[in-house]
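To keep things clear, I will list the structure first and then write my remarks on it.
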Amino acid sequence: MGLLGIVVYFDFRFYLLVKIKLNLCGNYSIILLNWLLLFFIGFRESSISLLSNETDAGGS
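So, in structure tokens, the structure goes:
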């Protein structure tokens, strides 16, 4: 859980950083990037949870 929390924290910081930078470019790019980032973060979380489930079952 600790590792997942760290990954989500850094993803969230990256998300805020890109969002602030894109504020200068316009609203359409922000909307598109929001969807892309949400999809990317959701995909990474699901793959991480699958990996952690496998290691939890085999390890401790």
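Going by this note's numbering, the sequence shown wraps up at 81, each residue one higher than the last. Just so you know, even glycine gets a beta-carbon here, dropped at the ideal spot from N, CA and C.
Quick one: does residue i have its CB under 8 Å from some CB of chain B?
i   : result
F60 : Given the protein chain composition of this structure (a single chain), no chain B is represented.
Since residue i and residue j should fall inside the 8 Å C-beta cutoff, what is the C-beta to C-beta distance between them, to a whole number of angstroms?
i   : j   : result
D32 : I62 : 5 Å
Looking at residue i: is its Cβ nearer than 8 Å to the Cβ of residue j?
i   : j   : result
L72 : Y36 : no
Excluding the 5 residues flanking residue i on each side, which residues of the same chain have their C-beta closer than 7 Å to its C-beta?
i   : result
S70 : none
Leaving out five residues on either side along the sequence, give the residues of the same chain with a beta carbon under 6 Å from the beta carbon of residue i.
i   : result
W56 : none
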